[in-house]
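Per numbering that gives the first Met the number 0, the very first residue in the sequence shown carries number 0; after that it's consecutive.
Note that CB positions come from ideal geometry on N, CA and C, so glycine has one too.
Since the structure is predicted, the reported quantities are computational estimates derived from the model, not experimental observations.
Right, one structure below, let's go through it.
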Amino acid sequence: MNFVATPGRNDPCPCASGKKYKKCCLPSEEARAAQLRKESDQQRAADLTALLEPLVTLEDDGLDSLSNSVIDMVDEGRFDEALAACGRLLEEFPDAEDGLERSGMVHARMGNHALAADFYRKALDFVTHPSRRADYEDVDFYREQAEEQEKLAQLR
(Lines of atoms letter the chains of each structure in order from A and count residues from 1; the text may use other names and numbers.)
(Lines give C-alpha, C1' and ligand atoms only; values in the text may rest on other atoms or scores of the structure.)
Protein backbone atom coordinates (compact mmCIF):
# COMPACT_ATOMS: atom_id res chain seq x y z
CA MET A 1 0.00 0.00 0.00
CA ASN A 2 1.15 3.46 -0.80
CA PHE A 3 0.36 6.04 1.82
CA VAL A 4 0.55 9.71 1.03
CA ALA A 5 2.02 11.47 4.00
CA THR A 6 0.18 14.53 5.17
CA PRO A 7 2.57 17.39 5.71
CA GLY A 8 2.76 19.01 9.12
CA ARG A 9 1.80 22.66 9.45
CA ASN A 10 5.43 23.81 9.63
CA ASP A 11 6.67 21.50 6.86
CA PRO A 12 7.47 22.84 3.41
CA CYS A 13 4.35 22.91 1.22
CA PRO A 14 4.11 19.90 -1.11
CA CYS A 15 3.30 22.25 -4.02
CA ALA A 16 6.98 23.26 -4.03
CA SER A 17 6.28 26.95 -3.50
CA GLY A 18 8.95 27.13 -0.85
CA LYS A 19 6.48 28.39 1.76
CA LYS A 20 5.43 26.57 4.88
CA TYR A 21 2.36 24.39 4.39
CA LYS A 22 0.33 26.45 6.91
CA LYS A 23 0.94 29.64 4.90
CA CYS A 24 0.37 28.11 1.46
CA CYS A 25 -2.08 25.26 0.67
CA LEU A 26 -3.40 24.36 4.16
CA PRO A 27 -6.04 27.15 4.35
CA SER A 28 -7.59 26.23 0.99
CA GLU A 29 -7.57 22.51 1.84
CA GLU A 30 -9.23 23.22 5.19
CA ALA A 31 -11.86 25.38 3.45
CA ARG A 32 -12.51 22.62 0.89
CA ALA A 33 -12.83 20.02 3.69
CA ALA A 34 -15.22 22.30 5.60
CA GLN A 35 -17.34 22.77 2.47
CA LEU A 36 -17.49 19.00 1.93
CA ARG A 37 -18.55 18.48 5.57
CA LYS A 38 -21.21 21.16 5.20
CA GLU A 39 -22.56 19.60 2.00
CA SER A 40 -22.52 16.17 3.62
CA ASP A 41 -24.39 17.49 6.70
CA GLN A 42 -26.95 19.20 4.46
CA GLN A 43 -27.47 16.00 2.48
CA ARG A 44 -27.91 13.97 5.68
CA ALA A 45 -30.42 16.52 6.97
CA ALA A 46 -32.32 16.43 3.68
CA ASP A 47 -32.32 12.62 3.72
CA LEU A 48 -33.58 12.58 7.31
CA THR A 49 -36.29 15.13 6.54
CA ALA A 50 -37.44 13.09 3.55
CA LEU A 51 -37.50 9.97 5.71
CA LEU A 52 -39.45 11.58 8.56
CA GLU A 53 -41.80 13.73 6.50
CA PRO A 54 -44.48 11.07 6.06
CA LEU A 55 -44.31 10.35 9.79
CA VAL A 56 -44.72 13.90 11.03
CA THR A 57 -46.99 15.40 8.43
CA LEU A 58 -50.46 14.96 9.82
CA GLU A 59 -53.38 16.75 8.34
CA ASP A 60 -55.31 18.73 10.93
CA ASP A 61 -58.90 17.86 10.21
CA GLY A 62 -60.22 19.55 13.36
CA LEU A 63 -61.20 16.34 15.13
CA ASP A 64 -58.77 16.73 18.03
CA SER A 65 -59.58 20.37 18.73
CA LEU A 66 -63.35 19.79 18.55
CA SER A 67 -63.11 16.68 20.72
CA ASN A 68 -60.92 18.45 23.28
CA SER A 69 -63.24 21.45 23.32
CA VAL A 70 -65.98 19.18 24.65
CA ILE A 71 -63.84 18.41 27.69
CA ASP A 72 -63.19 22.10 28.27
CA MET A 73 -66.91 22.92 28.01
CA VAL A 74 -67.84 20.14 30.43
CA ASP A 75 -65.20 21.33 32.90
CA GLU A 76 -66.74 24.81 32.66
CA GLY A 77 -70.29 23.45 33.12
CA ARG A 78 -71.35 24.45 29.60
CA PHE A 79 -73.26 21.24 28.95
CA ASP A 80 -75.58 22.47 26.17
CA GLU A 81 -72.60 23.70 24.16
CA ALA A 82 -70.74 20.47 24.88
CA LEU A 83 -73.69 18.42 23.59
CA ALA A 84 -73.83 20.58 20.46
CA ALA A 85 -70.12 19.93 19.90
CA CYS A 86 -70.78 16.20 20.40
CA GLY A 87 -73.44 16.41 17.70
CA ARG A 88 -70.89 17.98 15.38
CA LEU A 89 -68.40 15.22 16.20
CA LEU A 90 -70.98 12.58 15.36
CA GLU A 91 -71.93 14.30 12.12
CA GLU A 92 -68.54 15.48 10.87
CA PHE A 93 -66.43 12.53 12.04
CA PRO A 94 -68.57 9.39 11.79
CA ASP A 95 -65.44 7.23 11.45
CA ALA A 96 -64.15 8.21 14.90
CA GLU A 97 -65.47 7.12 18.28
CA ASP A 98 -64.95 10.57 19.80
CA GLY A 99 -68.56 11.71 19.32
CA LEU A 100 -69.92 8.65 21.10
CA GLU A 101 -67.39 8.69 23.92
CA ARG A 102 -67.68 12.45 24.49
CA SER A 103 -71.50 12.24 24.45
CA GLY A 104 -71.29 9.56 27.14
CA MET A 105 -68.95 11.75 29.16
CA VAL A 106 -71.22 14.82 28.94
CA HIS A 107 -74.35 12.88 29.90
CA ALA A 108 -72.52 11.25 32.79
CA ARG A 109 -71.47 14.64 34.13
CA MET A 110 -75.04 15.89 33.71
CA GLY A 111 -76.34 12.92 35.72
CA ASN A 112 -78.07 11.27 32.75
CA HIS A 113 -76.47 7.93 33.57
CA ALA A 114 -78.74 5.69 31.48
CA LEU A 115 -78.11 7.82 28.40
CA ALA A 116 -74.39 7.95 29.20
CA ALA A 117 -74.31 4.14 29.45
CA ASP A 118 -76.03 3.90 26.08
CA PHE A 119 -73.41 6.13 24.43
CA TYR A 120 -70.56 4.17 26.04
CA ARG A 121 -72.09 0.90 24.78
CA LYS A 122 -72.30 2.39 21.29
CA ALA A 123 -68.66 3.47 21.56
CA LEU A 124 -67.75 -0.05 22.67
CA ASP A 125 -69.61 -1.53 19.70
CA PHE A 126 -67.84 0.94 17.42
CA VAL A 127 -64.31 0.11 18.60
CA THR A 128 -64.89 -3.64 18.77
CA HIS A 129 -66.33 -3.88 15.26
CA PRO A 130 -64.18 -6.39 13.33
CA SER A 131 -63.15 -3.74 10.80
CA ARG A 132 -61.73 -1.52 13.56
CA ARG A 133 -60.73 -3.87 16.36
CA ALA A 134 -57.01 -3.74 15.56
CA ASP A 135 -57.01 0.07 15.73
CA TYR A 136 -58.02 0.31 19.39
CA GLU A 137 -56.05 -0.94 22.36
CA ASP A 138 -58.08 0.05 25.43
CA VAL A 139 -61.56 -1.19 24.59
CA ASP A 140 -62.14 -2.12 28.23
CA PHE A 141 -62.43 1.58 29.02
CA TYR A 142 -65.74 1.79 27.15
CA ARG A 143 -67.04 -1.40 28.76
CA GLU A 144 -66.10 -0.18 32.23
CA GLN A 145 -67.69 3.23 31.65
CA ALA A 146 -70.91 1.64 30.36
CA GLU A 147 -71.10 -0.69 33.38
CA GLU A 148 -70.40 2.14 35.83
CA GLN A 149 -73.07 4.37 34.27
CA GLU A 150 -75.60 1.50 34.27
CA LYS A 151 -74.98 0.97 38.00
CA LEU A 152 -75.43 4.67 38.68
CA ALA A 153 -78.64 4.70 36.61
CA GLN A 154 -80.04 1.81 38.69
CA LEU A 155 -79.36 3.68 41.91
CA ARG A 156 -81.70 6.49 40.86
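Is the CB-CB distance between residue i and residue j below 7 Å?
i	j	result
D94	S66	no
T145	Y119	The sequence shown places Ala at residue 145, not Thr. In this structure, Y119 lies closer than 7 Å to A145 by Cβ.
L99	K121	yes
Q148	A81	no
L114	Y141	no
V69	R36	no
In the structure shown, what three-state DSSP assignment does residue i receive?
i	result
K18	coil
P11	strand
Y135	coil
P26	helix
G61	coil
N111	coil
R36	helix
E96	coil
E75	coil
H106	helix
A4	coil
I142	Inspection of the sequence shows that residue 142 is occupied by Arg rather than by Ile. Three-state result, R142: helix.
S130	coil
R31	helix
R155	coil
If you drop the 5 nearest sequence neighbours on each side, which residues of the same chain put their C-beta closer than 6 Å to that of residue i?
i	result
D135	Residue identity check: residue 135 is Tyr in the sequence provided, not Asp. Within the same chain, Y135 has close Cβ partners V126.
C12	K18, Y20, C23 and C24
S157	Shown here, the chain extends from 0 to 155; a query on residue 157 therefore has no answer.
F92	L62
Sorted by chain position, which residues of the same chain lie with C-beta nearer than 7 Å to residue i's C-beta, five sequence neighbours on each side aside?
i	result
L151	H112
D40	none
So, under 8 Å CB-CB, residue i and residue j are touching, yes? Tell me the CB distance rounded to an integer number of Å.
i	j	result
V138	M104	Contact doesn't hold; Cβ gap of about 16 Å is too wide.
If you measure from the CB of residue i, is any heavy atom of the ligand GTP nearer than 6 Å?
i	result
A33	This structure lacks the ligand GTP; in fact it carries no ligand of any kind.
I'd like the list of long-range same chain contacts for residue i, defined as Cβ closer than 8 Å, with 5 residues on each side in sequence excluded.
i	result
N9	K19, Y20 and K21
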